Structures are given as structure tokens and as C-alpha cells.
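First residue of the sequence shown? That's 5 in my numbering, and the numbers climb one at a time after it.
Ideal Cβ placement from N, Cα and C applies to all residues, glycine included.
Small disclaimer: the values here were computed from a predicted structure and weren't measured.
Notes follow once the structure below has been shown.
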Amino acid sequence: MATLNDGLIFTGNNEELNRHKLNTVVKVLGEGVDNKAASEKFKSAKGNINVKADGTDKLEVQMNKDLDLTSNGSVTIGNTVINNGTVSGLNDHLKDPVTASTSNVTNATQTAPADLSFDEKKQAATVGDVLNIGWNLKANGQAVGAVTHGKAVDLTSKNGTVTIKPTTDGNISTVDLAVNTGNVSADKTTGKAVVGKDGKADISPDAANEVATVGDVADTINNTGWATTARDRDGNTANVVVNPGDQVNYTNGTGTTANITVTTDPVTGKDTVNVSYDVKAGDNTITVDKDGVKVNTGNITKAGNQYVKDSAGNVVIPAGQVSVKGTPVGNETQVDADAREGNKVATVKNVADAINSAGWIVNTGKAEEQSSFTTEAGTAQKISAGDKVDFQAGKNVEVKQIIGEDGSVKIVYATSDNFSLGEKGKDGKDGVDGSISVNGKDGSAVVINGKDGSIGLNGKDGENGLTIKGGKGSVGVDGTDGKDGKDGMTRIVYTDDKGTKHEIATHDDGLKFTGNDNDTVNNHKLNSVVTVKGEGVDKAVSKSFKSASGNINVKADGQGTLEVQLAKDIDLGNDGSVRAGNTVINNRGISVKNGPSMTVDGINAGNKKITNVAPGEVSATSTEAVNGSQLYAVNRNISNNVNRLNNKINKVDKDLRAGIAGAAAIAGLPQVRGNGKSMVAVAASNYRGENAVALGYTRASDNGKVLLKLSGSTNTRGDVVSTVGLGYEW
């Protein structure tokens, strides 16, 4: 017979069980939609989530493989928003240049830009990326930053340790760096290193920031060390500095033996020198080292400043003459040391006697506020060292000894699983009818009646009473006999104190579930598991599943439907993504394997054509992209201009060659040789396909001192050249 405590068990991909009583509300909520107000404002993208029932015990929530967010939906990934026809929020992704908190790059906190990867080098750069192009700055072969156009690099010296001298010769700038050196030496008295010469400190402000030479450092190391106080034979003391390379001898004295050992730390590799002394006093040898005092084979080891313990590790008493103080009554037995000899070393016998005399007191008595139990009072007993104490369990009680990992011992008492009170009585007459009652402080009660075997239940202040008892047949409930239910099953019916009848559910009762298809119904009995799984997600994947919270809402209509809704504006967070085949949309942008990409680094066509590009504005300030037809027009215009330029250059070339031919023709004219004579001459020439003809006249004076020369030429380009010359000879 089922009760209100029975119900259904729900689970998801993680296989955790949710148990729900009958008549309770099962909440199916979308992650990240925290309250009713958020649910009412939630904008869903219909048709992207399907709930599929398998006809047995599973409802599978499926997301559409091809998401359709309609014309006013969007996908948000970090700062990138993809909606109907636009992608916004892309960032420049050229490697970050130097970002310094001050103008001094040396003192700035920064992260050096990394080299571009193979795939990044193939991506297109944005206008912002182009403006950020610069050069990388390295120090000792390690990248420390990048310098973009228009940025300055300021080389400075922290604390003046380096002198920087820049020079410029044309386009070459040279920076000379020189180290400012200082001095370091050792104080001969203390062995400590100081800044300055000959152990004298230099207190000038810049002295500590200067760089010492290798020689100064070597001399300082050789003269520094550790200081110790030595005593000579007359008892006088003096400070001595032990320098690197010096030898320190620990010698045996009268009645003493020096022991030197060296141990190496296996982790750090550092050596530790251990020094101890053995003092011979008669037949007893006393060893003093960092662990305390050891006497012969009976060791007394120091433990702090309060107590000592023997070689077995189980004696804890003050040092000195040990004795037992007081009489062992109650808890007054104490171990004490003579105040006058508290600093002396006790012998092994002293310690043993003290241990054997010390102890603790044990007794039995009645626990506080436990008057219903009887405990016999005992006699106080002293427990000395070596005595045995047994912890025994009485009736209905168990005792356990638990030893912890740290060696501690716990004695744990617990009641037995099988609990019985009293003893079996003797044979006698039949007893009277009895009952057991349990009353609550608010008036509620449970009564077990031995007369008729019934159980009575009363609520607060005695209300809502109900009596259950067994008869000759099956167990029933007092009240009117039940009638057949709607499902054809005969049910147990009871009537409460208000006259309302109630039907008792059975384990065959339960709930029915269905999904969007409505044709397939999953029937679930009470106490059965309802499995709701995400498609393609098994138990192993569920453990590492990364959900995008705030994208799914489950809306209840108050009647019988829980509607799972997908956010109209999907937000997958900074590290989320959407994958469709080889296409991935994430916080960096959109990319296709072995194809184009549009990311924060820019647009990479992936060696593919970009089609349907509208003509962009072509101006001095335009930042719009241009298409192939615009480039063709520009190319054609350049080609026409180049052709016109070629024609003009060809004409100039021909004119030049013709002019050279004309000059050569004039140069070829013969000249008069006799005094008082005249000559008319003709000459012709050719230069690289162009021709010229020249005509000349020369006249010498009667005395031959004056010469007149006239000449002219014409070429195949129609150009004319004329010259006149007059010479006087002496």
C-alpha cells in the first residue's frame, strides 16, 4: 500500500536521484533562469529543442543540430555578437605591443608579445592591426615587448649604474652603454662585506648602486667570513674572523672528546657540520650535542625546556633530583623536582624511581543528570606505571579501541544494535490489556492498543484523528469500504474527521510523461526511476560536461506541461563555441577548417574567393573594402596612362636621337686651311635610326689669325640646328 511518502524518482545525465513524494511539485528548471520574473522575460527560440520519449523510462531533451534563431535572434560569445547579417564586438588581435605604466620601459610591468603561429600568419590584418605593426624588442635574446609606429623607446639606467650615450649618423642611431663601477671590500674585524675601499664604508647615495669589478668581488670573498670569540691560555677573549679557506680545529681537552660529523641534505644538497663533546667523569660518559644530554646507555634526551625522556621515549618528568610529592589520594599524586636542584641532570635510577612512584587515579560514579540509571560508587584506585586498565562493556553496550594514524588511542562506547530491557518473568496469570502511548508537546499522539491491536493517530491538539487496525482479511483502514477506482482497481478508502474520503495509492500508481510528439507516453509506477537525458551525453561525458547557463528555461503552464525553452539570444560565455561540421563560432570569431575565417585577428579568405562584395568608397579617408570591378577599373586606368606615357617617351627618344644626329653632322663639316681662303662644306650623319644633313661655311683672314665658321643642320624629325663661331689665333 502506497502512502504520500511514496512517489517518483527522477534522474538526469549525472545519474543523481531526485525523490519526490506524491502530491508534490516536480520542478524542471532551465539553468541560469533563477526566478519567475526571469522566466517571464525569457525569449525562447522555438523549434530548437525537442523532448523525445523512448516508450519506456526515458525522456531525451534534444537540441536542434541546425539552430534557427529567426531574424531577430542572436548568438553572444564573450564580446562577439552574431545576429541577422552582422558580427560585432571583434577585437584587434595583432600581438599586443609593449604596455607600460610609465614612460620608462625598463621599469614597466609588461608581457612580451609572442611570435605569430603558422595559422595566424595566414590571417588577414585589420586596419587597427596595420597601425599597430612595429618591431619587437628583445633583451638578452628574450622578447620583452613590441614598439609600434609613433612610439618612443626610452633607454634609462636604474640608480645610475649604467651610462647611456646616444649618437646619430644619418639614418643610423647608436647607443653606447657603459657600466659605472664601484668598490666592495671586507671589514677585517667583523668579516662582513661593505661598500667602499679597505673595509671603510662609502655612505654616498650612489655607492650602493655602483657595480663592483670581478677583482673587488674576489678579494672581498677571500676576506669575508664568520666571526668567533676565542679565549687564550690566560683567559683573555678576542674576536677572530674565519675567512674562506681557513681551517678551524676542534681539539680534545682534559676529560673531553670533540666529535665532528658532516651530514648532507638529500634534497637541497647543503652540508651541515655537527659538533658535539663527550665529557668523561669517572666511569660515566656524558655526551652533549644539539639533542640534549646522554649518560652511558641510559639516555636522557632534552625535550624543550620543561621535561626529559629516556631512551625508550616514554618518560616525561622535570629535570634534576626527581621525587614523588604527597600521598596518592585522589588526583594529588605529583612528580616534582627539588627547587634547588631543578637544573641538575637526573640519573637513570632517579628517573625509574620517579616513574614507578607516579600514577593517576581512577574511580566509578553516577553520571550527572542520569538519575534513571543505577551506578555503583567505587573506591578510588591509583594506577601506577605498568598497571593494566581494562575497559569492559556491560549489557546493551559495546566498547571499541581505535588507534589513529598519529598513534593516539580512543575508547569509544556505543549502544548495541540489539537492545533489550528487563528479564523474562515467571509463569503466572494472564495480565491485563495494556497500551503504549507517545505524546507530543503540541497535543499530537500515537497510541498502540494491545486490546484490539489498533494504532491510533492524532494530530496537533488531538485533531485529524485516524485509527488503523487489522482484521481477519487484509489490512484495512476504519471507515467506509472502498469502491472501484477509475482505473478499475479496487482501492482502500478512508474518511477523515471532516467526512472527506481519500483513496490509498498503490505501487502500481504513478505518473505518465510525454514529449513534443504527444503520441508516445511513458508510464511510471511509484518508486520507479524517470530518466531525463541529453542526447548523445553518457555518464562519463556528463561528469565533464560544460554547460552554458542561462540559455534554457523550463516554463510550467500550471496544468500539465513543462515547456523547455532555448534562449532567443544565446550566450555561451567567453570560452563557449558553436560548431556546425567544420565551421566553429567562438569568442575569437568564425572559422572554417581549411577555409575562410573571420576572427578578432581579421578576415582570412583561406585561399577562397570573396564574392558579392558591394563597391566601396574610394577616397583619401575611406576604410571600406573594394571589389574586383573597382580594381579592374583602376588597373585599366593605370594601363592607359602607362601607354600614353610610353608614347610620349618614345617621341622624346626619337627627338633626342635626331638631335644627336644633327650635332654629329655639324661636327663632321670640314674646315678651311689656307690664309685668306674660304670653304663651303656639306656633311651627313645617322644615330640609332635618325638622320641629319649639315651645311657649313668657313673663312680664314689673310694673316690666318682670325677664323669665322657658320654651320646648320636639319634632321629627319624636322628639327633645325644652327651654329656660328669666331676664333682668333695668336
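Legend entry - Cβ-based burial, Glu336 [other Cβ within 10 Å; buried from 16]: Low local confidence applies: a pLDDT of 41 at Glu336 is under 50, so the model's placement there is unreliable, and no value is given.
Inset, instruction - Measure the C-alpha to C-alpha separation of Asn644 and Gly599 and round it to an integer number of angstroms. - result: 37 Å
Legend entry - Classification of Ser626 by the beta-carbon crowding that lies within 10 angstroms, buried from 16 upward: exposed
Legend entry - Buried/exposed call for Asp561, threshold 16 Cβ in 10 Å: Classification for Asp561: exposed.
Legend entry - Run of the beta strand (DSSP E) containing Asn527, from where it starts to where it stops: Val525 to Lys529
Inset, instruction - Report yes or no: do the region 28-44 and the region 502-513 share at least 3 C-beta pairs separated by less than 8 Å? - result: no
Legend entry - Residues bridged to Ile180 (per DSSP): Rather than Ile, the amino acid found at residue 180 in this sequence is Asp. BP columns for Asp180 point to Lys169.
Inset, instruction - Rank Ala665, Ile86, Lys62 and Gly554 by C-alpha distance to the C-alpha of Glu694 and give the top, closest one. - result: Ala665
Legend entry - Inter-residue Cα distance where the pair is Asp38 and Ile81: 21 Å
Inset, instruction - State buried or exposed for Ser107, treating a residue as buried only when at least 16 other CB atoms are found within 10 Å of its CB. - result: Here the model assigns Ser107 a pLDDT of 40, short of 50, so the residue's position is not dependable, and the following value carries that caveat. Classification of Ser107: exposed, given that the 10 Å Cβ count is below 16.
Inset, instruction - With a 10 Å radius around its C-beta and 16 neighbouring C-beta atoms as the bar for buried, classify Asn557 as buried or exposed. - result: buried
Legend entry - Status (buried if at least 16 other CB within 10 Å, exposed otherwise) for Ala49: buried
Inset, instruction - Report yes if the C-beta distance between Glu539 and Glu20 is below 9 Å; otherwise report no. - result: no
Inset, instruction - Report the rounded CA-to-CA distance for Leu71 versus Val79, giving the unit in angstroms. - result: 10 Å
Inset, instruction - Determine the DSSP secondary structure at Tyr254, reduced to helix, strand or coil. - result: coil
Legend entry - Residue burial classification, Gln758 (beta-carbon count within 10 angstroms, cutoff 16): The structure shown does not extend to residue 758, since the chain is modelled only from 5 through 734, so no value can be given for it.
Inset, instruction - Could you please give me the residues that DSSP links to Phe14 through a beta bridge? - result: Partner(s): Asn22 and Val534.
Legend entry - Contacting residues, own chain, Cβ-Cβ under 6 Å from Ala685 (five flanking each side not counted): Cβ neighbours of Ala685 beyond the five flanking positions: Leu673, Pro674 and Gly700.
Legend entry - According to DSSP, residues forming a beta bridge with Asp573: Ser78
Inset, instruction - State yes or no: is the C-beta of Arg23 nearer than 8 Å to some heavy atom of the ligand NAP? - result: The ligand NAP is not among the ligands present in this structure, which contains no ligands whatsoever.
Legend entry - contact_flag[the region 650-668, the region 717-733] where n(CB pairs < 8 Å) is 3 or more: yes
Legend entry - Ranges of the alpha helix (DSSP H) found wholly within the region 633-671, counting only runs of at least 4: none
Inset, instruction - Kindly indicate which residue of Asp180, Thr160, Leu159 and Ile176 has the alpha-carbon position closest to the one of Lys169. - result: Asp180
Legend entry - Residue range of the beta strand (DSSP E) that includes Glu694: Start and end: Glu694 to Ala704.
Legend entry - Asp737 burial status per 10 Å Cβ neighbour count (16 or more: buried): Given that the chain is displayed from residue 5 to residue 734, the structure contains no residue 737 and the question cannot be resolved.
Inset, instruction - Express the C-alpha separation of Asp575 and Ser75 in angstroms, rounding to a whole number. - result: 17 Å
Inset, instruction - Give the DSSP-derived three-state secondary structure of Ser43 in the structure shown. - result: Secondary structure at Ser43: helix, using DSSP grouped into helix, strand and coil.
Legend entry - Beta-carbon separation (whole angstroms), Lys572 vs Lys47, contact threshold 8 Å: A Cβ-Cβ distance of about 4 Å is found for the pair Lys572 and Lys47, placing them in contact under the 8 Å criterion.
Inset, instruction - Quickly, what does DSSP pair Asn739 with across the bridge? List them, please. - result: Residue 739 lies beyond the range of the chain shown here (5 to 734); nothing can be said about it.
Inset, instruction - Answer yes or no: do Leu570 and Asn22 have a C-beta to C-beta separation smaller than 9 Å? - result: no
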